[in-house]
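What follows is a short report on a single structure.
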Amino acid sequence: MLRVPLSLVSRRSSTRLAGSERLRAAARSIESVGHTCCLRFLTSAATSNVFKVPEVYSEAAKSVLPQLQPINPLLYDAKGSPTLEFFLQAKEKYPNCLILCRIGTFYEAFGVDALLLIEHAGNRPKAGLPRSRLQAALNRMTALGYSIAIFEEASYLGDPGKNTRKRTFSQIVSPENPVYLPHLEALSKNDIVLENMPPIVAVSQSASDGFSVSQIFLGQRRVLHYSNLTLETAASMVDTSMTKLVLIQGSNLNVGKLISRCNVANTQVLHGHDSKSFHDAALSAVMTRLCITKPFQKFAKKLIAGQMFPLSYSTATQLGLVKHSGSQNMELYHKLHEMVLPKGTPQYCCNFIKLLMLNPPPVDICNSIRVVTKLLSARKDCVQFVRPLVMEKCHLLLESGKANRTLYRDIRSNLKAFLHYIKTFDPDLLSNALKITAYETFTETRSSVLAASAKKCLDAIESTVECDESPVLIPRTIPILDSYFEGQETFRGIVKRKRIEEIYRLVDTHAYRLILKIISEMTNRVLDHKIEDRAGISKEFEDREKDWIRFLIENLRTSGEMIYTKKHAPGVDTSRFIQLKNVYSRAIKGAKTTKLVEAANMDYLVAAREAREKVTDIMIDLSNSMIPFLPLLHTVSYFNLLIQTLTLHASHALACNWSLIKPSVRREGGIRRVFYLENFNPFYTNSNGLDITIQGVVLLSGSNMAGKSTICRSVLAIAILSNLGLYCPCGTKSIIPRFDSISATSSIAYDVPTSGKSLHVQQLEDIGGIVAGATENALVVADEPCKGSTPKSSAALTASVAEHLSNLGAFAIISTHLLDEISSLPLETDGTIEYYAARAVNMGSDVCPRWYYQLLPGRGEGSGSIRAAELAGLDNSIIQRARKFEVCLMGGETTKNGGETAKDRRETAKDRCYHLKTVTHVIKSILGDSMDMCVVENDEIPPPSFSRRPVLYALVLPVFSGQTLLNHALYIGESGNVGTRLRQHYKKGIQTLETMNEDAVRALGISCDEIRVDWSGYTGVLAKFVSRHMAKRAETETIKTIQATFPDIILLSVQDRLEVSTVE
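Residue numbers (our numbering): 4 to 1067.
Have a look at this one:
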């Protein structure tokens, strides 16, 4: 904890000074040297000590300055405190470093070190530094030139009540090495869950070998080396490793270019090494920094021809596999690795699927995954679910000799499950599962050899460790003694009793004698001589109403390894009692015992300590014997995790009626492959199953909120799942090619001012990297690419990308709102460019909408942005004005500042298309682009799908004065039988105009009596609804909107607005 408690100083300091006097004394003995800090302890036999600390300016730092004392390098009185003594010893060993040590869940500092952290890292006095803020504080201190020595805590089987947690040096963090990499986690007795630590990554490049990437796994002491990588593949590998530190080759511009494209928090440069020696130097630097002496295993891996490349960062974020860097703590995307498994699946199974997706294995391994998944789905017997082993923890515990019973129980359960699988699995299932395991673990895969080793390891554990889950009971007496015995006899239940039977009896004998002495010396009570063991004494304590038992319950106390009473029992000789003292030889007030009790207690403590040491030795020997089995344990754990995860996935997929699709290989002879998805259900949406065929490039259009991004993301997910050999949410007739590259652009774009990159540049870099790595066997998913510029420029770039991908022979699906601009361009393609439209249909009501999504061949219409603005709660006046502006843009009408006169606007309104576009736009803006609509002329019959259905209709009617066509009028109505209603309107012929829109008529300059309307010359727009009530409401809203927004339009039957409004 970053604290310098004043109360502690005032109690233990030999000089008790008032606050002002202490400040003056500190000022006399502490020399301020500005921001240059010398932390070395300067001493001289002839002169007083001199200390140098930096000037402090914050009020928090000034408040603790008087508490420093010039007595040691820590400037703090550590007398009598084991914790402070440890800090002082660490300070003397590392005089030029600040000392930080984890105590519990916080990192603590004392004295001058706490002062510096309060001043520069912004910590409060007497406040701990949590793990989440550690690196940020280290960054501030190293930026100022400080070095910090960090110590970690680890528990061990030591004496209870006597420092059961061991502090171990971890790392020196300095300006040259500012990233803290904890290699020793807290090894508590009962908690063996340790998150898999991400690897440290080293990157180099040469002209002959391309990019090389090494992944250094600290816990497993394993290095995976990849060579001959392209820039795009290496960048994807760095991003998806989720590393916290990247070591890069110095003076290599290509490596710097790669790192600039990655989402990496910390990078460090190693100079003076070529590409061949760089990775060995990187490993050596890591081992030196973290004080690791044991060697690492090195494995060389290569990307095989046809193997799918690691997913890029943008692709992984689209699928929720990696959190987007701009999302902070908010989850932006549904997590694909959780959606392919049942709800409530353990997190380690979800992480297994996630890592599989981020780094897809070769084709033959993916085929084995598909075979294992299929065979597991057909099995009828249950799979044994066990918690997988965390190999980092296993390495640390076994190699340090601190493995506990909880760990051995997990190892035992994994070994038993593995042996069960080997015994019961079919040969085909077993061979494919072992093949997958061998690829990931680099270990022996022959089932006979594995079974023999597993049996040997299991026998060693079961013959030594007590794996029974039943609690270990100590004969009960009174609560205070029961707690005392439980604290001392921690060896019980760890190893088999037969291994230490003599020790058990010795401890029980001394505990029995201690209880007898306590009873006889402190209560004058003599028990029956027939009671010979602890079990017999336990029966004496069953009656709590006895006077001597009540006295012990009320007055007997324990403290560490001491047993005493607060007062004497009646009738007891007080002369035999002695006063107890603490470890500082100070009398403990009210603590009395006798010499006989103290001697019996000492004999018991010695016996208990010997038992603990014996158990510790046995567990250390077992740990040493388990070290050769570490590769086996890695294989067993991965095998069990593979079987459990694929079983859960298969059960979830079958319940959801998914299909297991075998990817098709590339056809020869110039025959183009087809990517066909039948009845696929997009993730996160409601639909009745969609179909899509991709033979080249698909341009997907549609309004906002019509599901374009969801469809793109779903196609991307299905392609990845199928290529990995997993079930997909699509029909059995689907055809999915084998891809070697699956990429997607990021749907979240933002400026990066620190790099001088705008949103548009970020988008172009994203699509540029994807296109550069695309091949004829690639799938590219681009969600509205090239945005952030003018529509024409964005359309030109999008069309050029689509043309390039089509000529390349790749598969691509590109969503866009610029379809009109793109389709007008002269694209030159060898392949095909297809068009699909996404639509969202509300099958519910306005109050309780139920959106269903459709995917149809063709082109989508409109953007739906104004409707989306309504749903977002934008002010109604702004929305109405936006509708007016949009119609102006659609129909050619300009704004008031454009200089167009009222006469020009009247001439524009004469055009029948203006009225059709206006009413169509208004209906869509109110009801959404997903409405089922059609256009009919006066001599046409409505489509059958519109007959006998509630329909809103809008008729555009010609308006004459004599024989002259003056304008067009608009009539809006609704009907449950639109065919009959249109025939009734047609029979009206030419009638006199009756309207309430007097302003529009007055603008014509002709009286109403001279105006005639030709009903037989109508052109109509029809919109189909689910219910009559919804059609009536739509009629009311459409009339209101047109009358309020477009006063130049002659609107007939305005009275309907008043009548129909009563429907609400």
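C-beta atoms are modelled at their ideal positions from N, C-alpha and C, and glycine is treated no differently.
These figures come from a predicted structure and were not determined experimentally.
Contacting residues, own chain, Cβ-Cβ under 6 Å from residue i (five flanking each side not counted)
i: M333; result: Only weak support exists for where M333 lies, its pLDDT of 46 falling under 50; the value from the coordinates is given anyway. Counting only Cβ-Cβ distances below 6 Å, and skipping sequence neighbours, we find nothing.
i: L859; result: A840
Residue i in three-state terms, based on DSSP
i: N682; result: strand
i: N726; result: helix
i: H228; result: strand
i: Q1069; result: One cannot answer for residue 1069 here, as it falls past the ends of the chain, which runs 4 to 1067.
i: P634; result: helix
i: G1073; result: The shown model of the chain, from 4 to 1067, leaves out residue 1073, and the question about it has no answer.
i: Q310; result: coil
i: V510; result: helix
i: A454; result: helix
i: F488; result: helix
i: N585; result: coil
i: A210; result: coil
i: V53; result: At V53 the pLDDT is 42, less than 50, meaning the model places this residue with poor confidence; the figure from the coordinates comes in the next sentence. Three-state result, V53: strand.
i: K592; result: strand
i: T832; result: coil
i: N780; result: coil
i: T568; result: strand
i: H924; result: helix
i: G539; result: helix
i: G37; result: Low confidence applies to G37: its pLDDT is 35, below 50, so where it sits in the model is not reliable enough to give any reading.
i: H971; result: strand
i: R1068; result: Any answer about residue 1068 is impossible in this case: the structure gives the chain only from 4 up to 1067.
i: A117; result: helix
i: P133; result: strand
i: M245; result: coil
i: Y956; result: strand
8 Å CB neighbourhood of residue i in its chain, flanking five on each side removed
i: H652; result: V343, L344, I356, T376, L729, Y730
i: S209; result: S215, D277, S278, K279
Closest residue to residue i among the options (Cα-Cα distance)
i: A117; options: P128, V267, C352, A140; result: P128
i: R508; options: I477, L530, I522; result: I477
i: I869; options: I881, S578, G253; result: I881
i: S1019; options: V1029, K1035, L985; result: L985
i: I540; options: L227, L517, N527; result: L517
i: K301; options: Y229, R264, V700; result: Y229
i: L227; options: Y442, T995, E787, I739; result: Y442
i: D833; options: A813, S818, R842, S826; result: A813
i: P298; options: K501, F220, E943, C353; result: F220
i: W661; options: I714, P634, T735, R612; result: T735
i: L234; options: V774, N941, I566, V1024; result: V774
i: E88; options: I121, G125, R170, N231; result: R170
i: L727; options: R382, V954, L663; result: L663
Spatial neighbours of residue i in its chain, beta-carbon cut-off 7 Å, leaving aside the 5 residues before and after
i: P946; result: C937
i: R43; result: Any answer about R43 is weak, because its pLDDT of 33 lies below 50 and its placement is not dependable; what the coordinates show is given next. Closer than 7 Å at Cβ, skipping near neighbours: P98, N99.
i: R292; result: Q174, N180
i: F109; result: M4, G131, L132, P133
i: H123; result: R143, M144, L147
For residue j and residue i, believed in contact at Cβ under 8 Å, the rounded distance
i: Y679; j: S737; result: 6 Å
i: D242; j: Y316; result: 4 Å
i: V718; j: Q698; result: That belief does not hold up - the Cβ atoms of V718 and Q698 are roughly 14 Å apart, past 8 Å.
i: G692; j: Y856; result: Wrong, their Cβ atoms sit about 10 Å apart, outside the cutoff.
i: I1052; j: V925; result: Incorrect: roughly 10 Å between the Cβ atoms, too far for contact.
i: I975; j: E1038; result: 6 Å
i: C352; j: T648; result: 4 Å
Within-8 Å CB hit, residue i to chain C
i: N970; result: Chain labels in this structure do not include chain C; a single protein chain is all it has.
Is the segment 618-634 touching the segment 495-504 in the sense that three or more CB pairs, one from each, lie closer than 8 Å?
-> yes
Would you check if there are 3 or more beta carbon pairs closer than 8 Å linking the segment 384-400 to the segment 628-648?
-> yes
Does the segment 134-146 come close enough to the segment 172-179 to have 3 or more Cβ pairs within less than 8 Å?
-> Flag = yes, the segment 134-146 and the segment 172-179 touch.
Check whether the segment 704-712 touches the segment 770-782, counting contact only when three or more Cβ pairs, one atom from each stretch, lie closer than 8 Å.
-> Touching, no.
Taking 8 Å as the threshold, find out whether the segment 518-526 comes into contact with the segment 444-455 through three or more Cβ pairs.
-> no
Should the segment 813-827 be called in touch with the segment 797-804, which here means at least 3 C-beta pairs below 8 Å?
-> Touching, yes.
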